[in-house]
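The next block holds one structure in the form of structure tokens; read it before the comments.
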Amino acid sequence: MRASDPQAQDKIKMLKLDGITKRFGDLTAVNRLRIEVSAGEIIVLLGPTGAGKTTTLRIAAGLENPDEGKVILDGRDVTKLPPSYRDVAMIFEAHNLYPIYNVYDNIAFPLRAPGRKLPEKEIKERISKVATDLHISHLLDREMTTLSGGEIQRAALARTLVRTPRIYLMDEPLSNLDLKLREELRVEFRELHKRYGATMLYVTHDFVSAVSIGDRIGILDRGKLHQVGTPDELHQDPHTVTVAALMESPPMNLLPCQVAGGSMLVDQEAGIIFPLSQGQGAKVREKAGDGEIVLGVWPEDIRIGIPESERAFQGLIVGKEFQGANTLMNLSVGKSILKTLTDPDFPGGFGKLCRFYFPLEKVYLFHKKSGERIYF
Amino acid sequence: MAAVHVKNLKKFYGSVKAVDGIDLEIEDQEFVVLLGPSGCGKTTTLRCIAGLESPTSGEIFFDSRRVNTLEPADRNIAMVFQFFALYPHLNAIDNISFPLRAQGTPPKKIGEKIAWISGLLGLEAILKRKVQTLPGGDQQKVALARAIVRDPVVLLLDEPLSQLDEKFRDEMRTELGRLQRSLHVTTIYVTHDQREAMALADKIVLMKDGKILQAGSPREIYGDPQSVFAGYFIGSPGMNFAKCVWEGDRLLFQGGINELKLSDKLATLLSQKGKRNLLIGIRPEHISFSAMQRESVCTLKIKVATVEKFSQFKIFSFHLGEQLFMGRVREEVPEGAEGYVYFLPDRLRFFDAETERSIF
Numbered sequence: 021m022r023a024s025d026p027q028a029q030d031k032i033k034m035l036k037l038d039g040i041t042k043r044f045g046d047l048t049a050v051n052r053l054r055i056e057v058s059a060g061e062i063i064v065l066l067g068p069t070g071a072g073k074t075t076t077l078r079i080a081a082g083l084e085n086p087d088e089g090k091v092i093l094d095g096r097d098v099t100k101l102p103p104s105y106r107d108v109a110m111i112f113e114a115h116n117l118y119p120i121y122n123v124y125d126n127i128a129f130p131l132r133a134p135g136r137k138l139p140e141k142e143i144k145e146r147i148s149k150v151a152t153d154l155h156i157s158h159l160l161d162r163e164m165t166t167l168s169g170g171e172i173q174r175a176a177l178a179r180t181l182v183r184t185p186r187i188y189l190m191d192e193p194l195s196n197l198d199l200k201l202r203e204e205l206r207v208e209f210r211e212l213h214k215r216y217g218a219t220m221l222y223v224t225h226d227f228v229s230a231v232s233i234g235d236r237i238g239i240l241d242r243g244k245l246h247q248v249g250t251p252d253e254l255h256q257d258p259h260t261v262t263v264a265a266l267m268e269s270p271p272m273n274l275l276p277c278q279v280a281g282g283s284m285l286v287d288q289e290a291g292i293i294f295p296l297s298q299g300q301g302a303k304v305r306e307k308a309g310d311g312e313i314v315l316g317v318w319p320e321d322i323r324i325g326i327p328e329s330e331r332a333f334q335g336l337i338v339g340k341e342f343q344g345a346n347t348l349m350n351l352s353v354g355k356s357i358l359k360t361l362t363d364p365d366f367p368g369g370f371g372k373l374c375r376f377y378f379p380l381e382k383v384y385l386f387h388k389k390s391g392e393r394i395y396f
Numbered sequence: 036m037a038a039v040h041v042k043n044l045k046k047f048y049g050s051v052k053a054v055d056g057i058d059l060e061i062e063d064q065e066f067v068v069l070l071g072p073s074g075c076g077k078t079t080t081l082r083c084i085a086g087l088e089s090p091t092s093g094e095i096f097f098d099s100r101r102v103n104t105l106e107p108a109d110r111n112i113a114m115v116f117q118f119f120a121l122y123p124h125l126n127a128i129d130n131i132s133f134p135l136r137a138q139g140t141p142p143k144k145i146g147e148k149i150a151w152i153s154g155l156l157g158l159e160a161i162l163k164r165k166v167q168t169l170p171g172g173d174q175q176k177v178a179l180a181r182a183i184v185r186d187p188v189v190l191l192l193d194e195p196l197s198q199l200d201e202k203f204r205d206e207m208r209t210e211l212g213r214l215q216r217s218l219h220v221t222t223i224y225v226t227h228d229q230r231e232a233m234a235l236a237d238k239i240v241l242m243k244d245g246k247i248l249q250a251g252s253p254r255e256i257y258g259d260p261q262s263v264f265a266g267y268f269i270g271s272p273g274m275n276f277a278k279c280v281w282e283g284d285r286l287l288f289q290g291g292i293n294e295l296k297l298s299d300k301l302a303t304l305l306s307q308k309g310k311r312n313l314l315i316g317i318r319p320e321h322i323s324f325s326a327m328q329r330e331s332v333c334t335l336k337i338k339v340a341t342v343e344k345f346s347q348f349k350i351f352s353f354h355l356g357e358q359l360f361m362g363r364v365r366e367e368v369p370e371g372a373e374g375y376v377y378f379l380p381d382r383l384r385f386f387d388a389e390t391e392r393s394i395f
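Line by line, the protein sequences give chains A and B. Once you know that position 115 of the first sequence is 135 in the numbering used here, the rest is easy, because the numbers rise by one and skip nothing. Once you know that position 86 of the second sequence is 121 in the numbering used here, the rest is easy, because the numbers rise by one and skip nothing.
Okay, here's the thing in structure tokens:
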């Protein structure tokens, strides 16, 4: 279920992280983070290594205590509760399955735990269902050590899904896999989610997984949550330069830029100049002050191979990466490299000049120092 | 710089045939990528070329020189590994100049070389930094600079990007391509990541179970996979496949629920081949979706399972028998919608269900 679905708005908030701060010595790993996950929703926290993703997840699970802020689970403050009292299930990048048990006993493990102990008959029914859904029914008797990487990952997922906690917390569960397996599991994951309707907080550094799996994505960098929204929302209106740089692959092209007189000058040596209206110029100057600004343009908004008769900028082709359905072009422009996707049949090779264009309407501006978007 | 020829190379570890008789012709200055899943023999092949493993049998030539018996140090190759293998407590400049100093290169010459390579890789600003303080992408650049600085005849790269963050990896991939093309150094690159292979290679050598499945330019392999594995492995997502039976006028899919009528041209071709048990293959971008039926052949009624919304395209999935198919389109496709998919007839590929080799 996508969050754009109006019904999702009425859903109860299953998990609320309310102003969470966590410090390790001098390092603020998570800084006043606020996020709400609705029942049945998957939110993905996307960010690079060191962004604070795993710490956030561990705080939600109760494996770390926050220095400030509250963890509210299904309306109840669980900040001080240990993990086993929270009714959450966490799956880690390095899944700790027990090598001495077979697949069945590994999956059954959380259901047999003291305090939760289900009758074996029910355990069997649940495992049989989850094993069918994950295509591992034929593996249940096998020892863990005889499984392939993908099979182990499925077993780990099964062990998590066999429970019905209030929320699943997922720490890069697919990142150790071969690219091919990841592709398959991503889609299966989404299908499974629709079937189980589970609530999930999922963290990853992989943009593609984030878009595939998440209803909404939260962009996290250096402990700060920059923006939360559907992939479309983040794409159309990135609030900060960090969001623009982490969303999409290739990400937004970012170029140094300054406003002088009535024009905007992009990357001094690039020869890209946009005349600004008086109102636009005033707005940009007012918000940017004397500070430098960064111009952003999405790869798909750059048209290339513009005929001589039309207005265009010029760049040098310094890379042409065939991707099958399209080709990624790298254009050297001034001191910057611009990336754009083209048809695989686009002519022109390494070292050739290329005429390209993007209109001012497609331009995003950001304050260089703060990273905040400047609307103009 | 050198051409590299590998003749009937075999490397067995006990009963395990890591490399099982491969032939490679790598031209001078060519960028060749050995691509395949873990255990396919790609790294073992590279290590044999480097001289880090001795082949069980077979021959390796650099130009016309047989190098089988040469030590790695005497082959004039440079190798960059997945892990950086730098001296962490030394600064970048000392790491890069290390092989030159070891060779006894005069200091003036070393200075020139360092200036050249750091300009090429954009390392000027970090030359004095200790490598352990550098981010992964920069460390790998330093490793690359150290490899290239001694003008090797062959550059060998073993998954050099796989330990980097996604973002760095994209940047480094572009950088590597640019670098190789300005250096003109013969390059053999090992990876399991088909995106890297497609982006960088002049020629991809696709390996599986110690053998070469197919070799060719990225476009050839992508456009005309000779086996089910090649179609599946290359492309993201890969080619879609489903088992089916040719009934003379239509294809019947496993489970018997779905059937596909083909264009007259395809039907004639298939009947000529006289095969009944087939696998049909089609790439995601050659599948389109519409709510209403628009075509009379090569079309199927389906229900959309999932949709992944990327800004420039959407990937939607649907079930065909037991198979999950993925299509790539520009327009919005609603999750759960019923409608019709259309397979571009010219882009349909057929494979023998038994051998999994291409029919046409």
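The C-beta atom is built at its ideal place from N, Cα and C for all residues, glycine as well. Being a predicted model, the structure only gives us computed values, none of them experimental.
{"Query": "CB contact below 8 Å: HIS227/B versus chain A", "Result": "yes"}
{"Query": "Near-chain B residues of the stretch 234 to 262 of chain A (beta-carbon distance less than 7 Å), N- to C-terminal order", "Result": "PRO251, ASP252, HIS255"}
{"Query": "C-alpha gap between ASP173/B and ARG101/B, whole angstroms", "Result": "36 Å"}
{"Query": "Beta-carbon proximity check, VAL177/B vs ALA127/B, cutoff 8 Å", "Result": "yes"}
{"Query": "Continuous alpha helix (DSSP H) stretch holding GLU204/A: start and end", "Result": "199 to 216"}
{"Query": "Cβ separation of SER393/B and PRO272/B, assumed to be a contact under 8 Å, to the nearest whole Å", "Result": "Actually they do not touch by this definition, with Cβ atoms about 19 Å apart."}
{"Query": "Check whether ILE79/A and PRO86/A have beta carbons under 8 Å apart", "Result": "yes"}
{"Query": "Rounded Cβ spacing between GLY270/B and PHE324/B (contact assumed at less than 8 Å)", "Result": "Contact doesn't hold; Cβ gap of about 19 Å is too wide."}
{"Query": "Bridge-paired residues (DSSP) for MET110/A", "Result": "LEU189/A"}
{"Query": "Which of helix, strand or coil DSSP assigns to THR224/A", "Result": "strand"}
{"Query": "Listed by chain order, chain A residues near ALA234/B by CB distance under 8 Å", "Result": "GLU341, PHE342, GLN343, LEU348"}
{"Query": "Residue nearest to ILE317/B in terms of C-alpha spacing, selected from ARG311/B, ARG285/B, PHE386/B, GLU357/B", "Result": "PHE386/B"}
{"Query": "Contacting residues, own chain, Cβ-Cβ under 8 Å from LEU373/A (five flanking each side not counted)", "Result": "GLN334, GLY335, LEU336, ILE337"}
{"Query": "Supposed close pair GLY39/A, GLU84/A - CB separation, criterion 8 Å", "Result": "The Cβ separation is near 15 Å, so there is no contact."}
{"Query": "From ASP186/B, ILE315/B, GLN328/B, residue whose alpha carbon lies closest to that of PHE264/B", "Result": "ILE315/B"}
{"Query": "Closer than 8 Å to chain B by CB, PHE333/A", "Result": "no"}
{"Query": "Chain B contact for GLU61/A (CB, 8 Å cutoff)", "Result": "no"}
{"Query": "Distance CB(PHE268/B)-CB(GLN229/B) smaller than 8 Å", "Result": "yes"}
{"Query": "Own chain partners of LYS246/B with C-beta closer than 6 Å, once the 5 adjacent residues on each side are dropped", "Result": "ASP55"}
{"Query": "Whether LEU218/B touches MET207/B by CB criterion (8 Å)", "Result": "no"}
{"Query": "Neighbour flag for LEU156/B against chain A, beta carbons, 8 Å", "Result": "no"}
{"Query": "Partner residues on chain A for GLN347/B, Cβ-Cβ distance less than 9 Å", "Result": "GLU268, TRP318, PRO319, GLU320, ASN346, LEU361"}
{"Query": "Proximal residues of chain A, C-beta to C-beta of ALA340/B below 7 Å", "Result": "GLU211"}
{"Query": "Distance, LEU214/B Cα to GLN154/B Cα", "Result": "Residue identity check: residue 154/B is Gly in the sequence provided, not Gln. So the alpha carbons of these two residues sit roughly 11 Å apart."}
{"Query": "Buried or exposed (CB count within 10 angstroms, at least 16 for buried), LEU235/A", "Result": "The sequence shown places Asp at residue 235/A, not Leu. Buried, since its Cβ has 16 or more Cβ neighbours within 10 Å."}
{"Query": "Whole-angstrom distance between ILE111/A and GLY356/B, CA atom to CA atom", "Result": "31 Å"}
{"Query": "Within the stretch 59 to 143 of chain B, ranges of the alpha helix (DSSP H) (whole runs, at least 4 residues)", "Result": "77 to 85, 127 to 138"}
{"Query": "Under the three-state DSSP convention, the category THR222/B falls into", "Result": "strand"}
{"Query": "Rounded C-alpha distance that separates SER132/B from ALA302/A", "Result": "52 Å"}
{"Query": "Nearest candidate by alpha-carbon position, reference GLN347/B, set SER329/A, ASP321/A, GLY339/A, ALA265/A", "Result": "ASP321/A"}
{"Query": "Contacts that PRO253/B makes with chain D (C-beta to C-beta distance below 7 Å)", "Result": "Going by chain labels, chain D is absent from the structure shown, which instead holds the protein chains A and B."}
{"Query": "Cβ-based burial, TYR105/A [other Cβ within 10 Å; buried from 16]", "Result": "exposed"}
{"Query": "In DSSP terms, what ASN346/A is bridged to", "Result": "DSSP output for ASN346/A lists no bridge partner at all."}
{"Query": "Closer than 8 Å to chain B by CB, VAL231/A", "Result": "yes"}
{"Query": "Assigned secondary structure, TYR377/B (DSSP; H/G/I helix, E/B strand, else coil)", "Result": "strand"}
{"Query": "Where the beta strand (DSSP E) through LEU383/B begins and ends", "Result": "From DSSP, LEU383/B is part of no beta strand (DSSP E); its letter is neither H nor E."}
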